[in-house]
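Down below is the structure, laid out as structure tokens.
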């Protein structure tokens, strides 16, 4: 597979898409960890939902 | 389980916890197949190897509009049916749609430079997609600016529905005005004009990116539900009498 004179444009486009998608995935994963961590801390301090169920019950 | 059951955030979290790993696996497999077929696709007789940019540019461009369409349905869900997950869906989709729109603009620009001789031209298609990107950023700012999620949801829903006017303008801009951008070659009356050697990898990449959106959207919706639980518990904590 030869990209010829357009190699710079093609490779830059694919790398950029990969970077943005990976950043998006990482951001969502980090956000999930942050929210579950906060919920655990709040529950550990004795704050519970009105339903009485665990706020980290997500399964 | 029917659709009404999904209106319950706890049930939504339970169902999606089981669904997400499979969605992620399907996305990865389809993306790998699409990338392989894109790499193996022949060069275009006019555009040479630069046609490979099409396999990532077009799916991102389609999704930039599709995501706003999803957000518009969510906006209706917020304003008309007051569905408990509608504004969660709208908010979660916004940064993902912004990312796809950004990628559509940049990959288009990188494709345009060797083909048109310029990275940017203020023509109808490019400008209307840039406006779409700015509207995504505006919506993200709105969600951040209003602290109460239910108030933010109503304002964001109205803005989303107003912004939906831009979707047909983007789609038909290449027909209504003289633009550098080529007219539709896949979603058009009379069927696609693309050769199968390009059409099949393109459709597989489009399916892979669509699955990627569904996966990321569901994961982001789960985060938003958890964020609201955090907020609710923090408010309960703040309202507790101090010892």
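Residue numbers (the numbering used here), protein chains in the order written: chain U, 1 to 59; chain R, 1001 to 1243.
Glycine included, every Cβ here is placed at the ideal spot set by N, Cα and C.
Computed from a prediction, not measured in an experiment: that's the story for all the values here.
* Can you pull the chain U residues whose beta carbon is under 8 Å from the beta carbon of residue 1171 of chain R, in chain order? => Counting from 1 along the second chain, the entry for residue 1171 of chain R is found at position 171. What residue 1171 of chain R touches in chain U: nothing, since even the nearest Cβ is about 22 Å away.
* Measure from the alpha carbon of residue 1127 of chain R to the alpha carbon of each residue in R:1096, R:1156, R:1178, then state which is nearest. => Here residue 1127 of chain R refers to the residue found at position 127 of the second chain. Comparing Cα-Cα distances from residue 1127 of chain R to each of R:1096, R:1156, R:1178, the minimum goes to R:1178.
* Candidates R:1085, R:1065, R:1186, R:1070, of which the one nearest residue 1102 of chain R by Cα -> One-based indexing of the second chain puts residue 1102 of chain R at position 102. Among R:1085, R:1065, R:1186, R:1070, the Cα nearest to that of residue 1102 of chain R is on R:1065.
* To do: Measure from the C-beta of residue 38 of chain U to each C-beta in chain R and report whether the shortest distance is under 7 Å.
  => Counting from 1 along the first chain, the entry for residue 38 of chain U is found at position 38. Yes, because at least one Cβ of chain R sits closer than 7 Å to the Cβ of residue 38 of chain U.
* Proximal residues of chain R, C-beta to C-beta of residue 20 of chain U below 8 Å -> Start at 1 with the first residue of the first chain, and residue 20 of chain U comes out as number 20. The contacting residues are 1099, 1102, 1103.
* Asked: Mind checking if residue 1064 of chain R is an interface residue toward chain U, Cβ cutoff 7 Å exclusive?
  -> On the second chain, residue 1064 of chain R is found 64 positions in, with the first residue counted as 1. No, no contact with chain U.
* List the whole-angstrom C-beta distance separating residue 1032 of chain R from residue 1201 of chain R, where the pair is believed to meet the contact cut-off of C-beta under 8 Å. => Position 32 of the second chain, counted from the first residue, corresponds to residue 1032 of chain R. Position 201 of the second chain, counted from the first residue, corresponds to residue 1201 of chain R. Not a contact, Cβ separation roughly 12 Å.
* Asked: Can you round the beta-carbon distance between residue 1054 of chain R and residue 1094 of chain R to whole angstroms, since I take them to be within the 8 Å contact cut?
  -> Taking the first residue of the second chain as 1, we reach residue 1054 of chain R at position 54. Taking the first residue of the second chain as 1, we reach residue 1094 of chain R at position 94. Contact doesn't hold; Cβ gap of about 26 Å is too wide.
* Run down chain R in chain order and give the residues with a C-beta less than 8 Å from the C-beta of residue 13 of chain U. => To locate residue 13 of chain U, count along the first chain from 1; it is residue 13. Under the 8 Å cutoff, chain R gives 1053, 1056, 1057, 1106, 1107, 1110, 1111.
* To do: State yes or no: is the C-beta of residue 1094 of chain R nearer than 6 Å to some heavy atom of the ligand ADP?
  => As for the ligand ADP, it is missing from this structure, which has no ligand bound.
* Cβ of residue 1048 of chain R less than 7 Å from any chain U Cβ? -> To locate residue 1048 of chain R, count along the second chain from 1; it is residue 48. Yes, contact with chain U.
* Are the beta-carbon atoms of residue 1181 of chain R and residue 1092 of chain R separated by less than 7 Å? -> As a first step, residue 1181 of chain R must be located in the second chain, where it is residue number 181. As a first step, residue 1092 of chain R must be located in the second chain, where it is residue number 92. Cβ atoms of residue 1181 of chain R and residue 1092 of chain R: not closer than 7 Å.
* residue 1129 of chain R at chain U interface by Cβ criterion, 7 Å -> Taking the first residue of the second chain as 1, we reach residue 1129 of chain R at position 129. No - not a single Cβ of chain U is within 7 Å of the one on residue 1129 of chain R.
* Validate contact between the segment 1016-1029 of chain R and the segment 1065-1076 of chain R using beta carbons, cut 8 Å, 3 pairs -> no
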